[in-house]
Amino acid sequence: MGIDPRDLSDADLLKELETIHRTRHDTLLHAPDDALSAHSVRMTELEAEYLRRHPDRPVTPGRTREGARARES
Numbered sequence: 000m001g002i003d004p005r006d007l008s009d010a011d012l013l014k015e016l017e018t019i020h021r022t023r024h025d026t027l028l029h030a031p032d033d034a035l036s037a038h039s040v041r042m043t044e045l046e047a048e049y050l051r052r053h054p055d056r057p058v059t060p061g062r063t064r065e066g067a068r069a070r071e072s
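Counted from 1, the sequence shown has number 45 at position 46 by numbering that gives the first Met the number 0; the numbering is strictly sequential.
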């Protein structure tokens, strides 16, 4: 089911993440259950590897709970 995410270069990992996120909606709406399950597993693997490599990734303040509340005020 694809190359082990740990073996991907940073560039290839990002490319894989972009592709899987782009195809997620169509997979959810139109793919059979086994394909949706495989897609979910792969997406989780890729995201986990990204987070492992980038534990201190920048977080946009507006994406936090506090930032969302500030927008609502």
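Each residue gets a CB set at the ideal place from its N, CA and C atoms; glycine is no exception.
This one's a predicted model, so the numbers in the text were calculated from it and none came from an experiment.
- Collapsing the DSSP output to three states places LEU7 in coil.
- Here PRO4 is buried: its Cβ has 16 or more other Cβ atoms, across all protein chains shown, within 10 Å.
- The Cβ atoms of THR22 and LEU35 do not sit closer than 9 Å to each other.
- Non-local beta-carbon contacts of MET0 in its own chain, meaning distances under 8 Å to residues more than five positions away in sequence, involve ALA37, VAL40, ARG41 in chain order.
- When the Cα atoms are used, GLU71 and VAL58 turn out to be separated by approximately 19 Å.
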